[in-house]
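S.K.:
In our numbering, the protein residues as written are 14 to 316.
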């Protein structure tokens, strides 16, 4: 068999490289979309699937919406993650592609329009993360927008900034779907978070009328030595809130580290409130009551 062209490749490109139609039906190739082939081992690879759709899309098209956020390294909430389609935005003046596994969108491409803000991610043109966030506003709740907003300005390798989100909201044309939700969400987004559940915990407390806890604030002892960086804190009340996912329970090293950090904080006079998924999803009122009660208690003697 002749050497296939660089994937993803079209049938025409395969033929030009010397591959027969029979060869391109061989089980070593997958068909992410009609007329395009990739090696079978790349059948479920997001970059390859995006590249395949772009091979049959109009010029100036780009991966967009939730798919763009996934390319930018954002963990999508359940509803968005369950949507296995590739989202693609194409110029409105072109023929909009209709294919299985593809969700097509359009953008105005008049000569006076700046076009889509594009970044190339692993060789794939995708809309900038702040623009993808805006694209999702029309179909997302405020909570989802805050969780996604936190994710794109997260603590480790954030793909964008709060300033970029702000420019995107302020630059949205009048009548943009979800503009009111975007404005509300923007005020609630906080940079420097580590997980969606931390974001949901913070939103739960704020929606109950509590002040917004600070995110990942370093705590030092009296000598200035770093002690811990809790997920959320009310430093004036010396309250630390830690969200514990399943890894905190199943990984022995993480579990031991959590205990040592909690003990060290308590030695400094901090109160530590541990939160789990059940607290957020099943017993939110009980969690709010715990935090509110802790905020009302007198400060322990400083150590």
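A virtual CB, placed ideally from N, CA and C, is assigned to each residue, including glycine.
Tell me residue 12's beta-bridge partners as DSSP assigns them.
M.R.: The chain is shown only over 14 to 316; residue 12 falls outside these bounds and no answer can be derived.
S.K.: Residues in the same chain with beta-carbon distance under 6 Å from residue 93, minus the five sequence neighbours each way, listed in chain order, please.
M.R.: Closer than 6 Å at the Cβ level, and outside the excluded window around residue 93, lie 79.
S.K.: Apart from the five residues just before and just after residue 87, which ones in its own chain have a Cβ nearer than 8 Å to its Cβ?
M.R.: Taken in chain order, the residues that qualify are 142, 161, 164, 165 and 172.
S.K.: Taking C-beta to C-beta, are residue 102 and residue 118 nearer than 7 Å?
M.R.: The answer is yes: Cβ separation under 7 Å.
S.K.: Name the residue from 239, 235, 251 and 219 whose alpha carbon lies nearest to the alpha carbon of residue 300.
M.R.: Among 239, 235, 251 and 219, the Cα nearest to that of residue 300 is on 219.
S.K.: Throw me the rounded Cβ distance for the residue 215 and residue 226 pair, which I believe falls under 8 Å.
M.R.: So it is a contact: roughly 6 Å between Cβ atoms.
S.K.: Grab me the residues of residue 256's own chain with a C-beta within less than 6 Å of its C-beta, minus the 5 sequence neighbours each way, in chain order.
M.R.: Once the five neighbours on either side are set aside, the close Cβ partners of residue 256 are 210, 211, 214, 244 and 288.
S.K.: Looking only at its chain, what residues have a beta carbon closer than 7 Å to the beta carbon of residue 48, apart from the 5 residues adjacent to it on each side?
M.R.: Contacts found: 23, 24 and 69.
S.K.: Please state whether the Cβ-Cβ distance between residue 30 and residue 84 is less than 7 Å.
M.R.: No, the Cβ-Cβ distance between residue 30 and residue 84 is not below 7 Å.
S.K.: Any contact of the stretch 184 to 197 with the stretch 233 to 243, i.e. 3+ C-beta pairs under 8 Å?
M.R.: The answer is no - the stretch 233 to 243 does not touch the stretch 184 to 197, with fewer than three Cβ pairs under 8 Å.
S.K.: Taking C-beta to C-beta, are residue 105 and residue 121 nearer than 7 Å?
M.R.: Yes, these two residues count as a Cβ contact at 7 Å.
S.K.: Am I right that residue 196 and residue 182 are in contact with their C-beta atoms under 8 Å? What's the rounded C-beta distance?
M.R.: Rounded, the Cβ-Cβ distance is 6 Å, consistent with contact.
S.K.: Give the secondary structure of residue 90 by DSSP, where H, G and I count as helix, E and B as strand, and everything else as coil.
M.R.: Three-state DSSP puts residue 90 in coil, outside helix and strand.
S.K.: Short check: CB of residue 45 to CB of residue 75, under 7 Å?
M.R.: For residue 45 and residue 75, no; Cβs fall outside 7 Å.
S.K.: In this structure, does DSSP put residue 140 in helix, strand or coil?
M.R.: Looking at residue 140 - three-state DSSP - the assignment turns out to be strand.
S.K.: Quick check on residue 148: buried or exposed, where buried means 16 or more other Cβ atoms within 10 Å of its Cβ?
M.R.: Residue 148 is buried by the Cβ-count criterion.
S.K.: Going by other Cβ atoms of all chains shown within 10 Å of its Cβ, with 16 needed for buried, is residue 113 buried or exposed?
M.R.: Looking at its Cβ environment, which holds fewer than 16 other Cβ atoms inside 10 Å, residue 113 is exposed.
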